[in-house]
Amino acid sequence: MRVFGTLMLLMAMLGWSGWFVICNVYEFAPALDRWALAFGWLVAVLGWIQAWRSRNRVRWGWGLCGLAACVGVYLLLIHRGVGEGVALAALLVIDAVVMGAAGRRRTIA
């Protein structure tokens, strides 16, 4: 599951990076936020590191898929005209929730 999650997150980040280049370099659309892309890559790398160091492979596999979904939600918000600050805040909060849920330890009573 970790491999699948890694592929999903990698495809999401590469797609976002491609869209960033098209919008910012070739100027076919309004420029995208550089900080959001940087934070997105930072969270993706931190998620990958945590997933590959963790013993709970299935939970982190789903966590990586969740991070990829967060990228999709952020890009949908930007596409729908939500402000950059609001969309970035939503990205960071949802990423924190997904990483917290994937990283929590299950206790057996």
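Read the sequence shown against our numbering and you will find it ends at 109, with the numbers running on by one and no gaps. Every residue, glycine too, gets a C-beta built ideally from N, C-alpha and C.
Which residues in the same chain as residue i place their Cβ atom closer than 8 Å to its Cβ, once the five residues preceding and following it in sequence are excluded?
i      : result
Leu9   : Ala44, Gly47, Trp48, Leu64, Cys65, Leu67, Ala68, Val71
Ala109 : For Ala109, the predicted structure reports a pLDDT of 47, less than 50, and the residue's modelled location is therefore unreliable. A value from the coordinates is still provided. Closer than 8 Å at Cβ, skipping near neighbours: no residue.
Can you give me the Cβ contacts of residue i inside the same chain, cut-off strictly under 6 Å, excluding the 5 residues immediately before and after it?
i     : result
Ala87 : Tyr74, Leu77, Ile78
If I follow the unbroken alpha helix (DSSP H) through residue i, where does it start and stop?
i     : result
Glu84 : 84-103
Val3  : 2-24
Ala44 : 34-53
Let me know if residue i comes out buried or exposed under the rule of 16 or more other beta-carbons within 10 Å of its beta-carbon.
i     : result
Trp52 : exposed
Trp41 : exposed
Val98 : buried
Gly18 : exposed
Please identify the residue among the options whose C-alpha is closest to the C-alpha of residue i.
i      : options                    : result
Gly5   : Ile22, Arg59, Asn24        : Arg59
Ala101 : Gly61, Gly18, Asn24, Glu27 : Gly61
Met1   : Ala96, Phe20, Ser54        : Ser54
Given a cut-off of 9 Å on the beta-carbon distance, is the pair residue i and residue j in contact?
i      : j     : result
Leu110 : Ala29 : Since the first residue shown for the chain is 1 and the last is 109, residue 110 is missing from the structure and cannot be characterised.
Ala31  : Cys23 : yes
Gln50  : Gly85 : no
Within a Cβ cutoff of 7 Å, which residues of the same chain sit near residue i, ignoring the five residues on either side of it in sequence?
i      : result
Phe20  : Leu32, Leu37
Thr107 : With a pLDDT of 49 at Thr107, under the threshold of 50, the modelled position of that residue is not reliable, and no figure is offered here.
Trp16  : Leu37, Gly40, Val71, Leu75
Val3   : none
Ile94  : Cys70, Val73
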